[in-house]
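Top to bottom, those sequences are chains U and W. Residues in the first sequence are numbered consecutively from -15, following the numbering used here. Residues in the second sequence are numbered consecutively from 37, following the numbering used here. Note that the Cβ used here is the ideal one computed from N, Cα and C, for glycine as well.
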Amino acid sequence: MVVERGLASTRLAKATLSETFALKVGLDSTTCRKGCSHCCSYPVAISLWEGLTLYEGLKADGLWTTDLRLELERHSRLTFGTAPEIWLMAAIPCPLLVSNLCTAHEHRPFRCRVTASSRDPALCRAVHFHALTFEDNQREDTEFREVEERAARASRQYVRGMSERVPLSTAVLIGHRVVEELITLEEIPLTLLRLLGGGTR
Amino acid sequence: MVCQRRFPREHCTIFELSPAEEALLIKRKARVPEEFVYCHYCWNIIKDPEAGPRLMRDTAERQMLQLGVAPQRAREISTRYFDRLIQLQRQRNQRMH
Chain U
-15 MVVERGLAST
-5 RLAKATLSET
5 FALKVGLDST
15 TCRKGCSHCC
25 SYPVAISLWE
35 GLTLYEGLKA
45 DGLWTTDLRL
55 ELERHSRLTF
65 GTAPEIWLMA
75 AIPCPLLVSN
85 LCTAHEHRPF
95 RCRVTASSRD
105 PALCRAVHFH
115 ALTFEDNQRE
125 DTEFREVEER
135 AARASRQYVR
145 GMSERVPLST
155 AVLIGHRVVE
165 ELITLEEIPL
175 TLLRLLGGGT
185 R
Chain W
37 MVCQRRFPRE
47 HCTIFELSPA
57 EEALLIKRKA
67 RVPEEFVYCH
77 YCWNIIKDPE
87 AGPRLMRDTA
97 ERQMLQLGVA
107 PQRAREISTR
117 YFDRLIQLQR
127 QRNQRMH
């Protein structure tokens, strides 16, 4: 029940704020096109709640396979704890990206929804990375985090550590463990600590 | 520390240059660091057969762009550098098997 309520809060926050962002930016004014995937190698950290919703979406669409799980584990090993600058320059593609297309586009995290280019898409390659290439979506991101946390608190299932931002792959793997009841919500901080134990992995 | 973050030294991978490598840097009038310290996370990337060469390729391209090299030229050179790294990696793997 706790998990279901948390998922509902995150879904609502994501839907509402994504729509607000789309209206503000105007989808026609972005230069993003299907098949362009430079931003799919950027560092994307999402909340554990979002990891849960993403896992549920992948499972519902029949996309949760052993191969995907192994790919997520590899991605998580490379990115968890890694400095964003190093992650960016190593151009580590999102494990959900196949042939330059997002396999989970419908369920993609808020961070991905609000990343858009308004200039030449070629400038989105990490080597050209410059804040001016992108719409300033920092404010939307903070707003999303606040709404997400507020919604979770209001429905009395605020669980410490769930709004922690971790790499997308780590969040989905934790989502899998929670939804499949391999770990409880209370065990998440410990699981993260184990993952963060630098040098011991 | 390559990523400039605080990280316990016991969890780092540390390299010292060989005399030959040091001599090469001196010859090229480059700064000779005492050691190269990689944190656990950076080292994970560097030792990865795919992410490591990509990091080196993109870092080289970015530096060239910052130094004013034409974008097309910078891309060509960094791609050649990347291909060479992959080739060396294959040769090393073949020797090991």
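Residue nearest to residue i in terms of C-alpha spacing, selected from the options
| i | options | result |
| --- | --- | --- |
| M229/U | R109/W, L91/W, N80/W and L53/W | Chain U is shown from -15 up to 185; residue 229/U falls before or after that span and cannot be answered. |
| G41/U | V163/U, S21/U and E57/U | V163/U |
| T(-6)/U | I30/U, R53/U and A75/U | I30/U |
| R67/W | P107/W, A110/W and E58/W | E58/W |
| R111/W | Q99/W, L121/W and I122/W | Q99/W |
| A88/U | R109/U, T66/U and K43/U | K43/U |
| L101/W | L(-9)/U, R178/U, F113/U and E133/U | F113/U |
| T95/W | L(-9)/U, G19/U, R109/U and C86/U | R109/U |
| G19/U | T66/U, T0/U, C86/U and E55/U | C86/U |
Straight-line gap, residue i to residue j (C-alpha atoms, nearest Å)
| i | j | result |
| --- | --- | --- |
| P68/U | Y77/W | 11 angstroms |
| K63/W | A100/U | 46 angstroms |
| E57/U | L81/U | 15 angstroms |
| A155/U | A(-3)/U | 18 angstroms |
| S54/W | G104/W | 32 angstroms |
| F176/U | S83/U | This sequence places Leu at residue 176/U; Phe is not what is there. Looking at the two C-alpha atoms, the distance is approximately 31 angstroms. |
| I69/W | A75/U | At residue 69/W the sequence reads Pro, which differs from the Ile that was named. Using only the alpha carbons, I get a separation of about 27 angstroms. |
| E71/W | W79/W | 14 angstroms |
| R53/U | P79/U | 9 angstroms |
| Q123/W | I158/U | 37 angstroms |
| L(-9)/U | E133/U | 12 angstroms |
| E(-12)/U | R129/U | 18 angstroms |
Beta-carbon proximity check, residue i vs residue j, cutoff 8 angstroms
| i | j | result |
| --- | --- | --- |
| H160/U | Y39/U | yes |
| E97/W | V28/U | no |
| S114/W | R131/W | no |
| C48/W | I70/U | no |
| P77/U | C24/U | yes |
Whole-number beta carbon distance between residue j and residue i, since they are thought to touch under 8 angstroms
| i | j | result |
| --- | --- | --- |
| S2/U | R97/U | 5 angstroms |
| E51/W | P89/W | Note that residue 51/W is Phe in the sequence shown, not Glu. Actually they do not touch by this definition, with Cβ atoms about 17 angstroms apart. |
| M146/U | I167/U | Rounded, the Cβ-Cβ distance is 13 angstroms, inconsistent with contact. |
inquiry  = When you compare the stretch 81 to 99 of chain W with the stretch 53 to 68 of chain U, are there three or more beta-carbon pairs, one atom per stretch, that lie closer than 8 angstroms?
reply    = yes
ask   = Is it true that the stretch 150 to 163 of chain U meets the stretch 34 to 50 of chain U, where meeting means three or more beta-carbon pairs spaced less than 8 angstroms apart?
value = yes
inquiry  = Across the stretch 48 to 56 of chain U and the stretch 40 to 54 of chain W, are there enough close Cβ pairs to call them in contact, namely three or more that are closer than 8 angstroms?
reply    = no
query = If you pair each beta-carbon of the stretch 102 to 113 of chain U with each one of the stretch 11 to 27 of chain U, do three or more pairs fall below 8 angstroms?
reply = yes
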